[in-house]
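Under the UniProt record's numbering, the first residue of the sequence shown is numbered 1, with each subsequent residue one higher.
Where a beta carbon is used, it is the ideal one built from N, C-alpha and C, also for glycine.
The model shown is predicted, which means the values in this text are computed figures rather than measured ones.
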Amino acid sequence: MTYDAIILGGSYAGLSAGLQLARARRKVLVVDTGLRRNRFTRTSHGFLTQDGSTPAQIAADARSQLMEYQTVEWLQTEATNAELVQDGFKVALRHGSEAIGKRLVLATGVTDVLPELAGLAERWGSSVFHCPYCHGYELDEGRIGVLATSPLSMHQALMLPDWGPTTFFLNGAFEPDADQLQQLARRNVAVERGLIDRLDGERVDVVLRDERILPMDGIFTTTRTVVSAPFAEQLGCGFDDGPLGRYIRTDAMKATTVPGVFACGDAARPTGSVALAVGDGAMAGAATHPSLMFD
């Protein structure tokens, strides 16, 4: 069987793309591993009608609605390879099976490469975050730390005082220049130059190497992001360099540089969120449909 479209990735962007194609009565296969980027956090925020819902519940409700459409199939497995063939695109699946699609939608998301600091990984998504809009409000104007990873961290340090009193932990990552120090002072950001030994405590205590302990209600930091699957590279899609890492290059209609391949969600954006992923997916699905109509 040849599908009209194969969607690689069944999180928010992939589900949204699938819904548009399903409503166009197209045969769709969704291949998903079930590993959403935001699986580490308890609640999701900033997405209309779903503010405060669990990420798993948002995804489960969306999948349930998508599977009401009879032209959609779902495979809970891992795709291992994608290549161009005469009839479209061949996707190799775990355990040796394969599927053919006339179009391919890449919605694989990204993986966060966390800063190497003892105690950080186990607090990721519970008291250590990357997005103020997703998690800042719930800190209830408490003590906020920003862990520097590069000069890019200045952006977070200047934003976060709107959510609570902020301490900028440089941790040897970089030294602000005179102008940047003035900007931080105008925003009442405390600058801490002491090196960090570890994160500890029930919430999050910053333990410095000089044995000082600075309790925080939450910490924000930037990560390096890596596209979670190799399909775009296998197919020869172009990439762009973003502030956090490479992402798949697309046009305004979410078409990649390879004809017939579309990409959406965090894998095809410099930054992302659930709301942006859903919008991206809707555009990718809606753009995939006319490409099939006029094939």
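Coarse secondary structure for residue i, derived from DSSP in three states
| i | result |
| --- | --- |
| R186 | helix |
| E233 | helix |
| L244 | coil |
| A275 | helix |
| D295 | coil |
| T250 | coil |
| T80 | strand |
Buried/exposed call for residue i, threshold 16 Cβ in 10 Å
| i | result |
| --- | --- |
| A62 | buried |
| N171 | buried |
| M293 | exposed |
| L181 | exposed |
| S150 | exposed |
| Y3 | buried |
| E211 | exposed |
| A232 | buried |
| E98 | exposed |
| A287 | buried |
Proximity below 8 Å, CB of residue i to CB of residue j
| i | j | result |
| --- | --- | --- |
| G14 | G260 | no |
| L160 | G136 | yes |
| I196 | V128 | no |
| G265 | L21 | no |
| V85 | I100 | yes |
| V146 | T221 | yes |
| Y12 | V274 | yes |
| S228 | T77 | no |
| P230 | P270 | no |
| V31 | L75 | yes |
| A17 | L235 | no |
| P215 | R143 | yes |
| A268 | K254 | yes |
| C134 | G46 | yes |
For a minimum of 3 consecutive residues, which ranges assigned as the beta strand (DSSP E) are wholly contained in the region 156-221?
Counting whole runs of 3 or more residues, the region 156-221 contains the beta strand (DSSP E) stretches 166-169, 190-192, 196-200, 204-208, 213-216, 218-221.
Cβ pair count under 8 Å reaching 3, the region 98-105 against the region 113-130
The answer is no - the region 113-130 does not touch the region 98-105, with fewer than three Cβ pairs under 8 Å.
Curious, which full-length beta strand (DSSP E) runs of at least 3 residues does the region 18-75 contain?
For the region 18-75, whole beta strand (DSSP E) runs of length 3 or above, ordered along the chain, are 28-32.
Could you tell me whether the region 248-260 touches the region 90-99, using the rule of 3 or more Cβ pairs below 8 Å?
Short answer: they don't touch.
Jot down the residue ranges of each uninterrupted alpha helix (DSSP H) in the region 85-161, minimum 4 residues, whole runs only, in chain order.
DSSP runs (the alpha helix (DSSP H)) wholly in the region 85-161: 132-135, 153-159.
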